[in-house]
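10 is the number of the first residue of the sequence shown in my numbering; add one for each residue after it. Here a beta-carbon is modelled for each residue, glycine too, at the ideal position from N, C-alpha and C. One structure is given here, and the rest of the page talks about it.
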Amino acid sequence: MMKTVFKMQLDGWSDFPDNQLLRCKIQKEKESNLLLTLPKNFSYLDIGSHYGDTILTLALFAKKWDRRDIRFFAFEPNKKKCRHIKKIARLNRLNVTVYNYCVGNNSDMVSSDGLWDESLGCCSYIKNDDGDIKTIRLDSIKNQVEPVGIMHIDTEGWESEVLTGASELIYNTIYIIAECWLPEQSINRGFSDDPERDIIAIMKKYDCEQLDDIYDCERNLVFKVK
């Protein structure tokens, strides 16, 4: 049994080398505050859920504050991580649905880029016809997840792909929080030379307001769709 950044006990959790449940406290606090402002029966999407420290923490927080109406959806391409999220959600009776997919702007197959971090368990993915992981567009399942209160995107360089594949869903979303790599970090991993430019260019297509960035371990761009 471990405690989250909100000092709430999460049954069944086994800690990881980077002390996951206690990381990104600033970001989790900001997102928890937004959760309590959401209208009834909206959803929270965690795209790139890793081992579930963010979505499980926030689902437990929502339960504590009697916001069981909020539906939580985790998207994670790694099967092992999906099993972990499902197990913890079940043990704590949390309203979390898990999708074992990579999220992007197509229905391609992908595989790990091979840069797996053994200590943290994080990696990114590349398109590969012989890959064993399916990619989905959020628009293809929008009827299952909308209306969306918060769309949290942390996909190791795929953020603009995720947004492009959610072109319809964004119209029925309130907040979008997208991790934004530094240019050199993105280039080194084989992605865009300017992730911030790409994300903002997509969001400019919508009637939205860019809010203050969230800095916590990584930089996150924040938008409110009007």
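Here the alpha carbon of K90 sits roughly 27 Å from the alpha carbon of W74.
Its Cα nearest to that of E168, the residue V231 stands out among L65, K96, W22, V231. Just so you know, the alpha carbons of K34 and K235 end up roughly 27 Å apart.
Around D78, the same chain offers K49, N50 as residues with beta carbons nearer than 6 Å, after the five sequence neighbours per side are excluded. DSSP, reduced to helix, strand and coil, places D207 within a helical segment of the structure shown. In the DSSP assignment, T63 falls within the alpha helix (DSSP H) that extends over 62-73.
In the three-state reduction of the DSSP assignment, H59 falls in the coil class, being assigned neither a helical nor a strand state. Distances from the CA of P192 to each of D62, R206, S149 were compared; the closest alpha carbon is that of R206.
Contact annotation: F84 and D55 have beta-carbon atoms nearer than 9 Å.
For Y60, the number of other beta carbons within 10 angstroms of its own is at least 16, and it is reported as buried. Rounded to the nearest whole angstrom, the C-alpha separation of T13 and L19 is 7 Å. The beta carbon of I97 sits closer than 7 Å to the beta carbons of L19, G21, W22, G61, L65 from its chain, once the five residues preceding and following it are set aside; these are given in chain order.
Straight across, the Cα-Cα distance linking F70 with F15 is about 8 Å. In this structure, DSSP gives I97 a helical state, which the three-state scheme calls helix.
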